[in-house]
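Enquirer: Starting off with a structure, shown below.
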Amino acid sequence: MAETFQFDIAIVGGGLAGSLAALALRDKGFSCAVIDAQDPAVMQKAIFDGRTTAISYASARVFKRLGLWDRIAPEAEAIRDILVTDGRAKSRFDDGAVSTFALHFDSRELDEETPLGWIVENLLLRETLFDAMDKTDGITAFAPAKRAQTIYDAARATIALEDGREISAPLVVAADGRFSALRSEANIKVNQWRYKQTGIVATVAHERPHEGVAQEFFLPSGPFAILPMTENRSSLVWTERADAADAYLALDDANFTQEIQNRFGDYLGAVSLVGPRWSYPLAFHLSQSFIAPRLALIGDAARAIHPIAGQGYNLGVKDIAALVDVLAEGRDVGLDIGHLSVLQNYQRWRRFDSVSLALGTDVLNRLFSNDIAPLRLARDIGMSAVGKIAPLRQFFMRQAGADLGALPSLMAREN
Ligand SMILES: Cc1cc2nc3c(=O)[nH]c(=O)nc-3n(C[C@H](O)[C@H](O)[C@H](O)COP(=O)(O)OP(=O)(O)OC[C@H]3O[C@@H](n4cnc5c(N)ncnc54)[C@H](O)[C@@H]3O)c2cc1C
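Right, dumping it as structure tokens:
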């Protein structure tokens with residue numbers, strides 16, 4: 453006889469979205485199972501994920517309210533300014549063809565104290581989330597554990613694991629990433645395409661301080677982002693044509709560093725590579741529905757977008773905060789939290805926001821990842837308009853801070 457464990461919510465996927473969801477839902481009193489196919493010890497090794505995440509100031513409020521920010525803050529670097537340049541920074545490698553169109557977003561224009569966001573290493577996010585889950589009664593991790601099948605009936609969903617255990621709950625949360633198997637089993641269609649671009653990720657140390665400035669150079673092959681980290685380091689997300697990326701990744705350290713330096717220019721002095729390089733094939737995935745009976749999609753399972761604006765995880769954080777409000781409200785008036793009548797409130801809250809931001813980042817990437825003269829002219833006119841019109845600049849900063857629209861209670865502004 454299979455052993456069956458009962459929970460309020462079963463979360464499939466214990467990545468950055470699934471683990472934060474467990475903590476946020478538990479905070480509202482829901483007991484949670486978190487099932488992940490991978491071993492948490494492996495997921496906390498430095499080699500597992502070399503990325504950093506730009507945590508918006510609205511997402512940071514969620515971490516603060518769940519008591520997670522104190523551990524993150526000492527190693528998070530504040531983003532005070534964002535400098536966007538159509539072309540690369542001027543440097544000794546320039547041949548005079550570099551665009552001078554630049555856009556400056558200054559956090560002080562919105563608020564003297566609050567930065568536009570923080571750059572946090574994914575490793576630290578995972579350590580913080582996993583530690584907190586371990587210490588929280590009412591959250592049970594099943595990992596590594598493979599899901600064999602999920603059966604939905606009138607009152608509950610039952611997840612059978614390959615090791616014979618069963619998990620039963622009125623609601624399953626799919627946090628199983630961009631290729632979500634739960635989503636396809638529920639027959640939810642996805643709009644998806646590949647970008648023919650690869651995100652090359654590495655950390656560099658540099659001679660001069662970055663002073664909290666995040667730089668994004670729009671190069672013909674894609675955006676090249678230099679994100680400020682602690683200790684005179686920066687994380688770079690170098691979007692490159694997929695066919696060229698493999699050749700760059702195969703370079704030895706000296707030549708790879710030289711390629712980086714060519715793109716950085718001189719403004720941070722000499723740069724040196726810290727640790728290995730990673731690469732991520734870039735693609736767009738947008739689920740046509742975020743819900744099905746007894747199923748809610750969050751994080752990359754709901755939509756995975758181009759990293760051009762550093763918003764993918766921030767959208768997932770907002771999914772989680774909205775889902776928490778919707779489910780708590782449903783439960784408090786005695787409703788079945790897995791019923792579509794409750795889940796539709798989540799879908800209404802999150803899908804429109806996701807569609808507009810996902811498509812917006814897609815258009816931005818297409819508009820900027822080329823060297824076509826009329827498009828270059830159009831984007832440079834757009835950039836100088838935004839640069840001159842303060843309310844437009846402030847709108848973009850609020851968008852980057854994920855601080856627009858109806859905010860769930862975990863994200864709401866302090867009064
Ligand atoms: C280069 C790059 C830079 C980025 N930078 C930023 C940034 O600055 N800011 C930002 O907000 N976002 C950024 N993002 C996006 C962000 O990284 C993702 O949105 C986020 O990591 C998604 O987390 P997730 O938990 O939804 O999915 P995933 O990280 O994909 O996690 C899914 C989990 O589900 C598990 N799983 C899958 N299938 C099963 C199964 N059948 N059974 C059990 N478990 C399963 C997996 O093991 C995994 O642990 C970036 C992305 C890239 C590629």
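Converting from the sequence shown to my numbering requires adding 452 to each position, the first position being numbered 1.
Note that the Cβ used here is the ideal one computed from N, Cα and C, for glycine as well.
1. Can you pull the DSSP bridge partners for Thr691?
2. Please state the DSSP three-state secondary structure of Tyr604.
3. For Gln667, which of helix, strand or coil comes out of DSSP?
4. Hey, would you say Thr456 sits closer than 7 Å to Glu618, going by beta carbons?
5. Considering only residues of the same chain and omitting the five flanking positions on each side of Ala498, which have a CB-CB separation below 7 Å?
6. Tell whether a beta-carbon distance below 7 Å holds between Ile772 and Ala473.
7. So does Val653 have its beta carbon nearer than 6 Å to some heavy atom of ligand 1?
8. For ligand 1, is there a heavy atom less than 6 Å away from the beta-carbon of Ala469?
9. Per DSSP, which residues does Phe457 bridge with? Please list them.
10. Does the segment 585-605 come within contact of the segment 513-521, defined as at least 3 CB pairs closer than 8 Å?
11. Under 8 Å: do the segment 680-700 and the segment 624-632 share three or more Cβ pairs, one atom per stretch?
12. Are Val665 and Leu555 close, meaning C-beta to C-beta below 7 Å?
13. If you run the structure through DSSP and keep just helix, strand and coil, what is Ile750?
14. Can you have a look at Gly786 and say buried or exposed, based on whether 16 or more other CB atoms are within 10 angstroms of its CB?
15. Would you give the residue range spanned by the beta strand (DSSP E) that Met681 belongs to?
16. For ligand 1, I want to know if Gln490 counts as a neighbour, meaning its beta carbon is within less than 6 Å of at least one of the ligand's heavy atoms.
17. Is Asp788 a contact residue of ligand 2, with contact defined as CB to any heavy atom under 6 Å?
18. What does the alpha-carbon distance come out to for the pair Thr610 and Asp460?
19. Taking 8 Å as the cut-off, does the segment 751-768 touch the segment 801-812 (at least 3 CB pairs, one atom from each stretch)?
20. When the distance is taken between beta carbons, is Val572 closer than 7 Å to Met863?
21. Which residue comes first and which comes last in the beta strand (DSSP E) that contains Glu420?
22. Per DSSP, Ile611 is paired with what?
23. Can you round the beta-carbon distance between Ala748 and Ala852 to whole angstroms, since I take them to be within the 8 Å contact cut?
24. Does any heavy atom of ligand 1 sit closer than 6 Å to the C-beta of Pro728?
25. For Asp805, is the beta carbon positioned less than 6 Å from some heavy atom of ligand 1?
Expert: If we stick to the structure as given:
1. Gly651
2. strand
3. strand
4. yes
5. Leu575
6. yes
7. yes
8. yes
9. Ile619
10. no
11. no
12. no
13. coil
14. exposed
15. Gly674 to Met681
16. yes
17. Among the ligands present in this structure, namely ligand 1, ligand 2 is not found.
18. 12 Å
19. yes
20. no
21. The structure shown does not extend to residue 420, since the chain is modelled only from 453 through 867, so no value can be given for it.
22. Thr602 and Ile619
23. Incorrect: roughly 26 Å between the Cβ atoms, too far for contact.
24. no
25. no
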